[in-house]
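One rule links them: number in this note's numbering = place in the sequence shown (from 1) + 15.
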Amino acid sequence: MTTVRPLTPRNAPVQKRALERRAKILEVTAVLLEEVGQDDLTTILVAKRAEMSVGTLYHYFPNKYAILYALAEQWLGEIDTVLQELEAERLETMSLKKFVDKAVERMLQAYTNQRGLLPLVQAMFGVPELKDLDTAHDELIITAMARMFARLEVAERPAELSRLGRGFLEINHALLLVVVNQSKADSLKTLNDLKYVSLCLLERAKSQF
Numbered sequence: 016m017t018t019v020r021p022l023t024p025r026n027a028p029v030q031k032r033a034l035e036r037r038a039k040i041l042e043v044t045a046v047l048l049e050e051v052g053q054d055d056l057t058t059i060l061v062a063k064r065a066e067m068s069v070g071t072l073y074h075y076f077p078n079k080y081a082i083l084y085a086l087a088e089q090w091l092g093e094i095d096t097v098l099q100e101l102e103a104e105r106l107e108t109m110s111l112k113k114f115v116d117k118a119v120e121r122m123l124q125a126y127t128n129q130r131g132l133l134p135l136v137q138a139m140f141g142v143p144e145l146k147d148l149d150t151a152h153d154e155l156i157i158t159a160m161a162r163m164f165a166r167l168e169v170a171e172r173p174a175e176l177s178r179l180g181r182g183f184l185e186i187n188h189a190l191l192l193v194v195v196n197q198s199k200a201d202s203l204k205t206l207n208d209l210k211y212v213s214l215c216l217l218e219r220a221k222s223q224f
């Protein structure tokens, strides 16, 4: 029988000090994910680095998976912001090359800003309690990209737009995780490769539209 671990905070913080403590816990957890990974992450370790007692930490999160869930929600919110910014652009007058450059660069900023992203993404995929956020992440990007591709006149059929959205997601997600962990010289080369592949995907689809 699978044990379902609680993820809901015991008390939702409303006061400024409580909100600051919650933010501190998430910030510390992201750094520790980079240093020790998800498997070795513990609430004791988080509490010590955040300079608070374990009891105080438990006031905000019942276990480490609840912290990871909140961190993943925060990451998802950042991606949603990026997508909203892209959709606010005048896409109908934008070339595919300019769109790809803008989309990839803006996504790169989000990936770069999130500490501990690789182990967090691995946790979203591998930890049952976080799986719904992994699914939500994919669906959010696929549906947003499908809408933008329609405005860019890359394709028309909803099924084809969604297929292209998933392809764009998978290519960018995989390579951006590589880019943020490479040396400056290599990351620039990989980023250019990513833009080229993404552009080819859209140009080929548009040529068949």
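All C-beta atoms, glycine included, are put in the ideal place defined by N, C-alpha and C.
Simplified DSSP assignment, three categories, for residue i
i: G52; result: coil
i: K210; result: helix
i: N78; result: coil
i: G70; result: helix
i: A125; result: helix
i: G131; result: coil
i: Q197; result: coil
i: L145; result: helix
i: F164; result: helix
i: F114; result: helix
Euclidean distance between Cα positions of residue i and residue j
i: R105; j: N207; result: 24 Å
i: A103; j: P77; result: 39 Å
i: A174; j: A165; result: 11 Å
i: R130; j: L179; result: 29 Å
i: M163; j: M67; result: 45 Å
i: V46; j: W90; result: 14 Å
i: E168; j: R64; result: 50 Å
i: V296; j: L56; result: Because the chain in this structure spans residues 16 to 224, residue 296 falls outside the shown range and cannot be described.
i: A170; j: F224; result: 5 Å
Residue j beta carbon less than 8 Å from that of residue i
i: I40; j: L72; result: yes
i: V194; j: T205; result: yes
i: E107; j: L148; result: no
i: L123; j: L214; result: no
i: I157; j: S177; result: yes
i: L191; j: Y126; result: yes
i: H152; j: M139; result: yes
i: R121; j: E154; result: no
Exposure of residue i, with buried meaning 16 or more beta-carbon neighbours within 10 Å
i: R219; result: exposed
i: F183; result: buried
i: L209; result: buried
i: T17; result: Confidence at T17 is low in this model, with a pLDDT of 48, below 50, so the placement of that residue should be treated as unreliable; the coordinate-derived value is given next. Classification of T17: exposed, given that the 10 Å Cβ count is below 16.
i: Q53; result: buried
i: K113; result: exposed
i: N187; result: buried
Query raised in the report: Does the stretch 76-89 come close enough to the stretch 132-141 to have 3 or more Cβ pairs within less than 8 Å?
Result: Taking 8 Å as the limit for Cβ pairs, the verdict is that the stretch 132-141 does touch the stretch 76-89.
Query raised in the report: Are three or more beta carbon pairs between the stretch 116-128 and the stretch 31-38 nearer than 8 Å?
Result: Contact fails: fewer than three Cβ-Cβ distances are below 8 Å.
Query - Segment contact, 8 Å Cβ cut-off, at least three pairs: the stretch 84-100 with the stretch 190-202 - result: Here the stretch 84-100 makes no contact with the stretch 190-202; the two share fewer than three CB pairs at distances below 8 Å.
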